[in-house]
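> Counting from 1, position 57 in the sequence shown corresponds to residue 1006 in the working numbering; the numbering is continuous, with no gaps. Structure provided below as structure tokens; questions to follow.
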Amino acid sequence: EKDRTIEADVIITATGSPAILYSDMIKPGAVVVDAGVASESGKTVGDMAPEVYQRDDLTITPEKGGVGPLTVCALFENVIRAATIK
């Protein structure tokens, strides 16, 4: 799917497939959100290949603790909302 990703200004990936998104698939200046989580050789990894994190022309989520903390916050917010509706 390089033809599609190379044109995108924003890429959000959440496949859970390690290193499915490579550097040559991302145009300069793009924003990349890696929400994928997988295990590889006993380590937790995302969908982006390690080489992507070497680029300084991208805005990307952190390699460790990327969107996970935001997901937890959103979960708690929704639980509190649901409790107040009851």
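Just so it is clear, CB atoms sit at the ideal spot from N, CA and C, and this is done for glycine as well. Remember, predicted model here, so these are calculated numbers, not experimental data.
#1: Could you give the residue range of the beta strand (DSSP E) that holds D983?
#2: Exposed or buried, what is P967 when buried is set at 16 or more other beta-carbons lying within 10 Å of its beta-carbon?
#3: Can we say the segment 997-1014 touches the segment 978-985, given the rule of at least three CB pairs closer than 8 Å?
#4: According to the neighbour-count rule (16 or more other Cβ atoms, all chains shown, within 10 Å of its Cβ), is D996 buried or exposed?
#5: Between which two residues does the beta strand (DSSP E) harbouring V959 extend?
#6: Just how far apart, CA to CA, sit E1026 and T964?
#7: What span of residues does the beta strand (DSSP E) with V994 cover, start to end?
#8: From which residue to which residue does the beta strand (DSSP E) around E989 run?
Put simply:
#1: Here residue 983 is taken as the residue at index 34 of the sequence shown, counted from 1. Per DSSP, D983 belongs to the beta strand (DSSP E) from 980-983.
#2: Start at 1 with the first residue of the sequence shown, and residue 967 comes out as number 18. Buried, by the Cβ-count rule.
#3: yes
#4: To locate residue 996, count along the sequence shown from 1; it is residue 47. Buried, since its Cβ has 16 or more Cβ neighbours within 10 Å.
#5: Here residue 959 corresponds to residue number 10 of the sequence shown, with the count starting at 1. Its beta strand (DSSP E) spans residues 959-962.
#6: As a first step, residue 1026 must be located in the sequence shown, where it is residue number 77. As a first step, residue 964 must be located in the sequence shown, where it is residue number 15. Roughly 25 Å between the two C-alpha positions.
#7: Stepping through the sequence shown from its first residue, residue 994 is reached at position 45. Note, V994: beta strand (DSSP E), 992-994.
#8: The sequence position of residue 989 within the sequence shown is 40, counting from 1. Counting along the chain, the beta strand (DSSP E) containing E989 begins and ends at 987-989.
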